[in-house]
Amino acid sequence: MLYLLPNVLDEEGNSAFLIPEAIKEVVAKLDGIIAESEKGGRKFLKAFHPDFRSVPIILLNEHTTSIDALLSPLQKGERWGLISDAGLPVLADPGAKLVRRLHTLNIPIETFPGPSSIVYALQLSGLPGQRFVFNGYPPRDEKQLLERLRTLPKGETHLFI
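Adding 1021 to a residue's 1-based position in the sequence shown gives its number in our numbering.
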C-alpha cells in the first residue's frame, strides 16, 4: 500500500494546520517513506512519527534513474508513504511515475487532502477558476519561455510554479 501524504508548504510549518489528524496514525504504521530529499523526509517524519530515526527513507527525485527499487517493498505488502518536500506529492514531482506503475501492478494507493500551492495561487490570482491549466515549471531559457507563452491556449487560466 502506498499512501500519498501531504506536507507543509513552508519551512516554518505555517500550513501544518491543514494536514489531517489521520496522518499521524498512518505515519506511525509506515514501513518506510519515499521522499524527494533525506532532509525533507526526516523533517516530515519528526513531526508525525515517535521513532522517526528508525524509519527508512528511499529517495525519489530528479536524479532517480529507476523506480524498480521502490516497487519491491510495496509488492511485498509493506506500507510506505510518498511525500513531496512541500505540499501534495505527485504534482510536478517524480512521484507520478511511481503511482502510474503501481496502478499497472494493482498495488493499492490512498491519498489524503492537504495544502496545495496550485489551488492557493488560483484563489489569490483573481483569475477565472472554471477552466485552468497547471503547466508545472516554465522553461528557464528566455527564448523557450516566450515561445511557450505564445502557444498557450486562450480562454484558460494558466498556472506555473
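C-beta atoms are modelled at their ideal positions from N, C-alpha and C, and glycine is treated no differently.
Secondary structure at Leu1180: strand, using DSSP grouped into helix, strand and coil. Leu1103 and Ile1055 do touch by the CB rule: their CB atoms are close to 5 Å apart, below 8 Å. Three or more Cβ pairs drawn from the stretch 1090–1104 and the stretch 1125–1136 lie within less than 8 Å of each other, which places the two stretches in contact. DSSP places Phe1133 in the coil class of the three-state scheme, outside both helix and strand. According to the DSSP assignment, Leu1023 belongs to the beta strand (DSSP E) that extends over Leu1023 to Leu1025. Note on geometry: alpha-carbon atoms of Gly1061 and Phe1073 lie some 12 Å from one another. With fewer than 16 other Cβ atoms inside 10 Å of its own Cβ, Ser1087 counts as exposed. Residue environment analysis places Gly1116 among the buried positions, since at least 16 neighbouring C-beta atoms fall within 10 angstroms of its C-beta. The beta carbon of Phe1065 sits closer than 6 Å to those of Asn1028 and Ile1104, all from its chain and outside the five residues before and after it, given in chain order. Where Ala1117 is concerned, the enclosing alpha helix (DSSP H) starts and stops at Gly1116 to Thr1125.
Sequence-distant Cβ neighbours of Leu1109 in its own chain, meaning closer than 6 Å and more than five residues away, are Pro1027, Gly1135 and Ser1137. Runs of the alpha helix (DSSP H) lying entirely within the stretch 1080–1105, each at least 4 residues long, are 1089–1096 in chain order.
Taking 8 Å as the upper bound for CB-CB distance, Ala1113 and Ile1182 are in contact here, some 6 Å apart. Burial is judged here by how many other beta carbons sit within 10 angstroms of a residue's own beta carbon; Ala1107 has at least 16 and is buried.
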